[in-house]
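The sequence shown: position 92 = 92 (full-length UniProt numbering), numbered continuously.
Every residue, glycine too, gets a C-beta built ideally from N, C-alpha and C.
Nothing here was measured: the structure is a model prediction, and the numbers come from that model.
Following: one structure in structure tokens, then a few remarks.
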Amino acid sequence: MMRALWTASTGMTAQQLNVDNISNNLANVNTIGYKKSRAEFKDLLYETLERETVRDGEGKPVSVQVGHGVRTAAINKFFTTGNLEQTSNPYDLAIDGQGFLKVMGPNGEELYTKDGSFKVSIEDDSARLVTSDGYYVQGDGGEIDLGIDMKEVIIDEAGNIVVKRTDDTLEELGSLVITTFANPAGLESVGSNFYKATGASGQPVDTANDGSGGSILQGFLEYSNVQIVEEMVKLIQAQRAYEINSKSIQTADEMLGLANNLRR
1 MMRALWTAST GMTAQQLNVD NISNNLANVN TIGYKKSRAE FKDLLYETLE RETVRDGEGK
61 PVSVQVGHGV RTAAINKFFT TGNLEQTSNP YDLAIDGQGF LKVMGPNGEE LYTKDGSFKV
121 SIEDDSARLV TSDGYYVQGD GGEIDLGIDM KEVIIDEAGN IVVKRTDDTL EELGSLVITT
181 FANPAGLESV GSNFYKATGA SGQPVDTAND GSGGSILQGF LEYSNVQIVE EMVKLIQAQR
241 AYEINSKSIQ TADEMLGLAN NLRR
């Protein structure tokens, strides 16, 4: 069996995954806090048909090696800041920087997000800051309890939360937790715009709102960092690579057909 059939098939499989990844980027072009990803590939093992034989400056200086195709090495996320758009909603928050907001997920699991489109949920006659899924946003004292007689919620660049009551008094409620990671690309995506810490990402580091994780922008949202034109160019490249690999299989098949039809 010709090696080209199997080699080209690995190329088609790799480009199919590439198209799947690009499609996911394009599908999330308007997703708040989404970070684009890129598929990365490596070549497979090589078969050495003949080794180099250089002795005393004479002989064959290069070996004869044939590769066996390609494999997926990684799908890497890029945490560059997306477009910041003003919404004027006091519960919409964006981080201008590399930090993440901490959320308490189901079963007490810590989750991290760049999606700051928060809501207010009334529980036990008190308002709490939550995500769209109802998970509690975390402050330096745990859940953020806004009370019930709110007139205005003010969050400064450092994440400090001040509530103006209906009697015009001001009450400080602590601050949001801004978390950074040594390797954000190592975070595990769990869906719904949430990430989990892993051994590859490193342990979460609460920045104590010292500015190292970025600044909070109230009334803004950070949208996806996907560039449509860039993704469309990559999609065309992936399609052409898939097409040329399929052409290699077709050519190998035709060559086998010619060999099978040889007559004396």
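C-beta atoms of residue i and residue j nearer than 8 angstroms
{"i": "L84", "j": "F220", "result": "yes"}
{"i": "L26", "j": "E231", "result": "yes"}
{"i": "G214", "j": "I32", "result": "no"}
{"i": "M2", "j": "L262", "result": "no"}
{"i": "V226", "j": "K36", "result": "yes"}
{"i": "Y195", "j": "L258", "result": "no"}
{"i": "I228", "j": "V29", "result": "yes"}
{"i": "S201", "j": "Y34", "result": "no"}
{"i": "T207", "j": "T169", "result": "no"}
In DSSP terms, what residue i is bridged to
{"i": "E157", "result": "Paired residues: none, contrary to the question."}
{"i": "R263", "result": "DSSP output for R263 lists no bridge partner at all."}
{"i": "D20", "result": "Paired residues: none, contrary to the question."}
{"i": "L49", "result": "Its beta-bridge partners do not exist; DSSP assigns none."}
{"i": "K119", "result": "V130"}
{"i": "M150", "result": "R165"}
Assigned secondary structure, residue i (DSSP; H/G/I helix, E/B strand, else coil)
{"i": "D145", "result": "strand"}
{"i": "T72", "result": "strand"}
{"i": "K234", "result": "helix"}
{"i": "A127", "result": "strand"}
{"i": "residue 269", "result": "Examination of residue 269 is not possible in this model, given that the chain is present from 1 through 264 alone."}
{"i": "T113", "result": "strand"}
{"i": "Y195", "result": "strand"}
{"i": "K247", "result": "helix"}
{"i": "A208", "result": "coil"}
{"i": "L170", "result": "strand"}
Distance between residue j and residue i (C-alpha atoms, nearest Å)
{"i": "Y242", "j": "N18", "result": "10 angstroms"}
{"i": "E109", "j": "S212", "result": "24 angstroms"}
{"i": "V153", "j": "V120", "result": "11 angstroms"}
{"i": "K60", "j": "T53", "result": "5 angstroms"}
{"i": "N107", "j": "I144", "result": "18 angstroms"}
{"i": "V70", "j": "S246", "result": "14 angstroms"}
{"i": "D156", "j": "I75", "result": "36 angstroms"}
{"i": "E172", "j": "F181", "result": "28 angstroms"}
{"i": "L217", "j": "L187", "result": "24 angstroms"}
{"i": "F78", "j": "V103", "result": "21 angstroms"}
{"i": "S117", "j": "Q16", "result": "34 angstroms"}
{"i": "S189", "j": "V62", "result": "45 angstroms"}
Nearest-angstrom Cβ-Cβ length linking residue i and residue j, presumed shorter than 8 angstroms
{"i": "G139", "j": "I161", "result": "7 angstroms"}
{"i": "E40", "j": "A73", "result": "5 angstroms"}
{"i": "N193", "j": "T113", "result": "5 angstroms"}
{"i": "L176", "j": "G191", "result": "Contact flag wrong, Cβ pair sits at about 23 angstroms."}
{"i": "H68", "j": "L49", "result": "In fact, because the Cβ distance is near 13 angstroms, the residues do not count as touching under 8 angstroms."}
{"i": "I22", "j": "A238", "result": "6 angstroms"}
{"i": "D149", "j": "R165", "result": "5 angstroms"}
{"i": "E254", "j": "T81", "result": "Contact flag wrong, Cβ pair sits at about 51 angstroms."}
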